[in-house]
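Enquirer: Take a look at the following structure, please.
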Amino acid sequence: MNNNNILPVVLAGGKSIRFGDDKSQAQLGGKILIDYILSEIINDFKEIIIVANDPIEHLSSKKIIKIQDFKKNFGPLGGIFSAMKWVKENNKKYRWIVTFPSDTPFFKIDILNKFFKKI
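So the sequence shown is residues 290 to 408, counted in this note's numbering.
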């Protein structure tokens with residue numbers, strides 16, 4: 290599968306009610322959680338969308354575009370819908386969207402590549 294047809298979307302718009310603070314901004318080993326997933330996927334895609342409603346810190350790259358939920362309080366599906374709306378409004382030609390939670394520090398791109406090979 291050609292990664293140029295795939296838009297990665299990092300979902301960071303959650304309320305983190307049980308956690309107490311924004312999970313994407315929590316520190317682990319001197320690095321914020323969202324930067325673990327961004328670092329893992331940044332070299333494999335031409336653009337990355339972060340859906341976050343509040344200002345957040347994250348890895349700096351021209352590949353990363355931050356958007357807000359089109360409609361708030363619709364959970365992860367609202368974030369996916371917001372990314373789909375962004376694709377349409379910006380006349381992008383992506384055929385697939387792959388989503389990542391912002392709090393997955395142990396994800397490895399090899400898992401995704403194995404999945405792509407299977408489909």
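Even for Gly, the Cβ is constructed at its ideal location relative to N, Cα and C.
Might you give, ordered along the chain, the residues of its own chain that have their beta carbon closer than 7 Å to the beta carbon of residue 358, omitting 5 neighbours on each side?
Expert: 302, 340, 342, 367, 368 and 371
Enquirer: If contact is defined by three or more beta carbon pairs under 8 Å, each pair taking one atom from either stretch, is the region 321-337 in contact with the region 388-398?
Expert: yes
Enquirer: In whole angstroms, what separates the C-alpha of residue 315 from that of residue 300?
Expert: 15 Å
Enquirer: Exposed or buried, what is residue 313 when buried is set at 16 or more other beta-carbons lying within 10 Å of its beta-carbon?
Expert: Buried: at least 16 other Cβ atoms inside 10 Å.
Enquirer: In three-state terms, what does DSSP make of residue 389?
Expert: strand
Enquirer: Could you say which of 334, 294, 347 and 296 lies nearest to residue 392 if we only look at CA atoms?
Expert: 347
Enquirer: Assign residue 314 to one of three DSSP states: helix, strand, or coil.
Expert: helix
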